[in-house]
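For what it's worth, this note's numbering labels the leading residue of the sequence shown as 0, then goes sequentially.
The beta-carbon is built from N, C-alpha and C at its ideal position, and this holds for glycine as well.
All of these numbers come straight from a predicted model, not from anything done at the bench.
The block underneath contains the structure these notes are about, expressed in structure tokens.
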Amino acid sequence: MTNSPISIYALGGLGEVGKNTYCFEGDRSLIMVDAGVRFPEANLPGVDYVIPDYTYLKNNRNKVKALFITHGHEDHIGGIPFLVRSIYIPVIYAPRLAAALIRHKLEDNRIKDPVKIVEYDADSVIKIGDEFTVSFFRVTHSIPDSYGICIDTPQGRIIETGDFKIDLTPVGPNFEINKLARLGTEGVDLLMADSTNAELEGYTPSETNVRSGVEEIFEKAPGRIIVSTFSSNINRIQQVVEVAVAHKRKICILGRSMKNVISIAREYGYIKIPDASIVEETMLRNYKLNEICIICTGSQGEPMAALSRIVSGDNRNTSIIPGDTVIFSSNPIPGNGLLVDRLVNNLVKQGADVKQNSLAFSLHSSGHPSRQELRLMQRLTQPRYFMPVHGEYRMLVLHGEIAKELGMSDDHVFVCDNGDMLELYKHQVRRTGAHISAEDVYIDGNDLDGISGNILSDRDVMKNDGLVTVILTIAKDKGLLVPPIVYARGFSASEETHVVRHAQMRAEEEARKIVGGGDYEFAELKQAIKNVVAKYVERKTGRRPMILIAVMSEDK
């Protein structure tokens with residue numbers, strides 16, 4: 000049996016909500032828990048996903064033995080297609096539903112190399128060499144088959160909760176509180192727990208509370224009902240489906256991800272919809288308005304999601320009809336508030352009655368624990384040391400304070416950044432002072448190399464300050480053949496006219512001076528033109544646009 004310490008660190012999930020990727024490394028083996036993505040904020044134009052930097056894993060690829068998945072949400076499985084193309088993962092252990100979603104994701108991303116996926120349940124115990132023994136306990140969350148993970152090592156026990164809330168009246172199986180309490184009684188050295196709702200006092204309401212709010216709307220809605228939620232919120236979708244069927248409404252599913260997830264969830268029995276209750280969108284016109292329920296993506300105001308496409312008229316088969324009732328069964332993710340507000344305003348303009356989560360209607364319940372549940376988790380597991388995970392930095396700090404309020408000493412609470420390394424040795428945890436590379440990698444399309452910070456800076460400049468393009472046509476022996484052509488984008492009409500005319504004058508003056516001087520290089524010419532145009536535009540407009548100089552030479 001090895002006597003070396005166990006290193007613990009995160010490549011993602013600390014100081015952010017998303018891209019959860021936690022690593023546990025011994026002398027000969029390295030196991031991972033989750034491999035998620037983060038969805039881009041508004042200040043990341045053109046970025047599809049944010050994933051962790053996998054360089055450290057590449058450099059230690061021979062030690063990587065397994066990836067364990069806690070549940071099937073994108074911030075826990077979305078990075079897998081990028082991970083398996085970066086390094087070889089011998090085996091992925093996942094709950095039944097998450098395993099199905101991962102298989103579909105790999106197929107959708109055209110991953111050709113075979114990936115071994117093994118399903119686990121609450122009774123599974125998996126040994127990885129002589130350094131890790133992994134077992135599981137069922138938790139309640141907004142997606143079925145969610146688990147916390149217990150990692151036993153020669154140096155001590157670690158519990159990583161995954162996403163959870165302690166829901167005593169869940170949709171689906173109960174939280175295995177007794178099993179968790181037994182693990183705590185046996186002894187837990189390090190607890191790593193979900194911090195997403197560490198700012199909210201009390202308990203997170205039960206998922207079953209949502210049903211009454213949805214039922215009330217279904218009973219009163221005179222026309223079609225459109226329900227928008229996360230495609231991965233399977234428990235919520237099941238409740239909406241049950242209410243729709245009870246009210247004899249046909250169900251139409253819109254949105255690629257919604258169709259995929261519901262298809263998989265129906266196949267595995269997590270969502271039960273009678274075949275006779277489902278209609279294709281092309282058949283909607285055959286039913287009365289009060290016989291229809293549409294379930295779709297787009298609750299975060301995403302421009303390309305199904306709801307936004309219905310509102311904008313981009314859906315060929317349906318549009319908003321005055322009298323539609325639109326239910327937003329979610330809360331806006333931080334950063335998406337403006338998108339949601341814009342979408343709601345457009346819905347109301349088109350005559351829809353919009354229902355959002357409020358005191359009047361309980362239409363959403365978080366899948367994460369509030370402060371009382373976090374206290375209960377501490378009491379159940381009785382950890383010696385604590386590392387809050389899965390949350391913005393302020394959430395991690397607040398979660399750490401909860402542990403201290405319950406009697407844990409300051410030096411036993413570790414609020415870390417991605418890449419910070421802890422060490423478990425002989426049932427004691429300490430900071431090593433080491434830090435590994437854990438930068439964000441910005442994915443545009445499927446390019447694994449990601450987008451550099453320079454490209455993002457260029458996109459930001461164009462978004463905020465515009466673009467000026469100067470085209471020069473020259474010949475070595477004749478000089479400037481025609482006056483420069485200047486295009487400006489992102490300026491007001493009056494600004495554009497002024498910028499184009501005066502930039503053209505200054506570019507021509509500088510070009511004739513350099514070209515007329517005889518020997519010169521194109522690079523020298525382009526830089527000189529760029530400098531004079533940039534100086535003028537900034538002085539006149541206060542902006543620093545991106546400036547592109549194109550030189551066409553008659554000689555070439």
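How many angstroms separate the CA atom of Val90 from the CA atom of Ser231? By 1-based counting over the sequence shown, the position of residue 90 is 91. By 1-based counting over the sequence shown, the position of residue 231 is 232. Their Cα atoms are separated by approximately 24 angstroms.
Taking the continuous beta strand (DSSP E) assigned at Arg383, which residues delimit it? Walking along the sequence shown from the start, residue 383 turns up at place 384. Here the beta strand (DSSP E) through Arg383 covers 382 to 388.
Tell me which residues share the same chain as His426 and place their Cβ nearer than 6 angstroms to its Cβ, disregarding the 5 neighbours each side in the sequence. Start at 1 with the first residue of the sequence shown, and residue 426 comes out as number 427. Closer than 6 angstroms at Cβ, skipping near neighbours: Gly155, Asp188.
Answer yes if the region 233 to 242 comes into contact with the region 295 to 309, meaning at least three C-beta pairs across the two stretches below 8 angstroms, and no otherwise. no
Can you confirm whether the region 113 to 123 touches the region 281 to 301 when touching is taken to mean that 3 or more C-beta pairs between the two stretches lie within less than 8 angstroms? no
Starting from Leu397, trace the alpha helix (DSSP H) in both directions and tell me its first and last residue. For the purposes of this step, residue 397 is identified with residue 398 of the sequence shown, where counting begins at 1. Leu397 -> alpha helix (DSSP H) spans 392 to 404.
From which residue to which residue does the beta strand (DSSP E) around Gly155 run? By 1-based counting over the sequence shown, the position of residue 155 is 156. Unbroken beta strand (DSSP E) run through Gly155: 155 to 159.
Examine the Cβ distances between the region 417 to 436 and the region 136 to 155 and report whether three or more of them are shorter than 8 angstroms. yes
For Val242 and Arg145, the rounded distance between their alpha carbons: Here residue 145 corresponds to residue number 146 of the sequence shown, with the count starting at 1. Here residue 242 corresponds to residue number 243 of the sequence shown, with the count starting at 1. With the sequence shown as reference, residue 145 is identified as Ser, and Arg is not the correct amino acid for it. Their Cα atoms are separated by approximately 24 angstroms.
By the DSSP assignment, the beta strand (DSSP E) with Asp188 in it spans what residues? The residue you call residue 188 lines up with position 189 of the sequence shown. Residues 187 to 193.
Rounded separation between Arg374 and Lys126 - CA only: As a position in the sequence shown, residue 374 is number 375, starting the count at 1. As a position in the sequence shown, residue 126 is number 127, starting the count at 1. Approximately 31 angstroms between the Cα atoms of the pair.
Where the alpha helix (DSSP H) containing Pro4 begins and where it ends: On the sequence shown, residue 4 is found 5 positions in, with the first residue counted as 1. Unbroken run through Pro4: none, as it is neither H nor E.
Have a look at Cys149, Pro482, Glu391 and flag the residue whose alpha-carbon is nearest the alpha-carbon of Asp122. In the sequence shown, residue 122 corresponds to position 123, counting from 1. With distances taken between Cα atoms, Asp122 lies closest to Cys149.
Short check: CB of Val532 to CB of Arg505, under 9 angstroms? Locating residue 532 in the sequence shown gives position 533, where the first residue counts as 1. Locating residue 505 in the sequence shown gives position 506, where the first residue counts as 1. The answer is yes: Cβ separation under 9 angstroms.
Taking the runs of the beta strand (DSSP E) that are 3 residues or longer, which of them lie wholly in the region 75 to 149? 91 to 93, 116 to 118, 124 to 127, 131 to 138
Ile233 versus Phe163 - alpha carbon distance: Numbered from 1 along the sequence shown, position 234 holds the residue referred to as residue 233. Numbered from 1 along the sequence shown, position 164 holds the residue referred to as residue 163. Rounded to whole angstroms, Ile233 to Phe163 spans 15 angstroms at the Cα level.
I need the boundaries of the alpha helix (DSSP H) containing Ile233, first residue and last residue. Within the sequence shown, residue 233 is the residue found at index 234, counting from 1. Unbroken alpha helix (DSSP H) run through Ile233: 233 to 245.
Contact defined as beta carbons within less than 8 angstroms: I believe Asp193 pairs with His363. What is the distance between those atoms, to the nearest angstrom? Looking up residue 193 in the sequence shown gives position 194. Looking up residue 363 in the sequence shown gives position 364. That belief does not hold up - the Cβ atoms of Asp193 and His363 are roughly 18 angstroms apart, past 8 angstroms.
Per the DSSP calculation, Leu466 is bridged to which residue(s)? Start at 1 with the first residue of the sequence shown, and residue 466 comes out as number 467. Looking at the DSSP assignment, Leu466 forms a beta bridge with Arg488, Met545.
Where Pro39 falls, given that 16 or more other Cβ within 10 Å makes a residue buried: Indexing the sequence shown from 1 puts residue 39 at position 40. The residue is buried, with at least 16 neighbouring Cβ atoms inside 10 Å.
Near Thr395, which residues of its chain fall below 6 angstroms by C-beta distance, leaving aside the five closest residues on each side in sequence? On the sequence shown, position 396 is the one that residue 395 refers to. The sequence given here places Leu at residue 395; Thr does not occur at that position. If we look at Leu395 and ignore the five residues flanking it on each side, its Cβ neighbours are Ser194, Pro387, Val414.
Look up Gly201 in the DSSP assignment and say whether it is helix, strand or coil. What you label residue 201 is simply residue 202 of the sequence shown in a count that begins at 1. Coil, per DSSP.
Could you check what DSSP says for Gly478 in three-state terms: helix, strand or coil? Walking along the sequence shown from the start, residue 478 turns up at place 479. Strand, per DSSP.
Pairwise C-alpha distance: His72 and Ile557: A query on residue 557 cannot be resolved here, the shown segment of the chain reaching from 0 to 555 and no further.
Which first and last residues belong to the beta strand (DSSP E) in which Lys64 is found? In the sequence shown, counting from the first residue as 1, residue 64 sits at position 65. Its beta strand (DSSP E) spans residues 63 to 67.
Asp352, enclosing alpha helix (DSSP H) - first and last residue: The residue labelled residue 352 in the question sits at position 353 within the sequence shown. No alpha helix (DSSP H) contains Asp352, which is instead part of the beta strand (DSSP E) from 352 to 355.
Rounded to whole angstroms, what is the Cα-Cα separation between Arg255 and Arg341? Mapped onto the sequence shown, residue 255 falls at position 256. Mapped onto the sequence shown, residue 341 falls at position 342. Rounded to the nearest angstrom, the two C-alpha atoms are 22 angstroms apart.
Quick one, which of Asn58, Tyr92, Val49 has its alpha-carbon nearest Phe81's? Here residue 81 refers to the residue found at position 82 of the sequence shown. Of the listed residues, the one whose Cα sits closest to Phe81 is Val49.
Among Val440, Ser205, Ile332, nearest to Phe229 - alpha-carbon criterion: As a working note, residue 229 is residue 230 in the sequence shown. When only C-alpha atoms are compared, the closest one is Ile332.
Comparing alpha-carbon positions, which option in Ala437, Ile546, Ile442, Phe521 lies nearest Leu621? Not covered by the structure: residue 621. The range shown for the chain is 0 to 555.
Going by beta carbon distance, what residues of the same chain come within less than 6 angstroms of Arg210, once the five residues before and after it are set aside? The residue given as residue 210 occupies position 211 in the sequence shown. Contacts found: Gln238.
Going by DSSP in three states, His363 sits in which element: helix, strand or coil? Residue mapping note: residue 363 aligns to position 364 of the sequence shown, counting from 1. Looking at His363 - three-state DSSP - the assignment turns out to be coil, as it is neither helix nor strand.
Of the choices Ala402, Asp419, Asn345, whose alpha-carbon is the least far from that of Ala197? Taking the sequence shown and counting its residues from 1, the one referred to as residue 197 is at position 198. Nearest of Ala402, Asp419, Asn345 to Ala197, Cα basis: Ala402.
Alpha-carbon to alpha-carbon, Pro143 and Gly268: Position 269 of the sequence shown, counted from the first residue, corresponds to residue 268. Position 144 of the sequence shown, counted from the first residue, corresponds to residue 143. If you take the alpha carbons of Gly268 and Pro143, they lie about 11 angstroms apart.
Kindly give me the distance between the Cβ atoms of Ile513 and Lys529, rounded to whole angstroms, as I take these residues to be in contact under 8 angstroms. Translated into positions along the sequence shown, residue 513 becomes position 514. Translated into positions along the sequence shown, residue 529 becomes position 530. So it is not a contact: roughly 12 angstroms between Cβ atoms.
Given Ile272 as reference, the closest of Ile261, Arg84, Gly350 once Cα atoms are compared: On the sequence shown, position 273 is the one that residue 272 refers to. When each option's Cα is compared against that of Ile272, the closest is Ile261.
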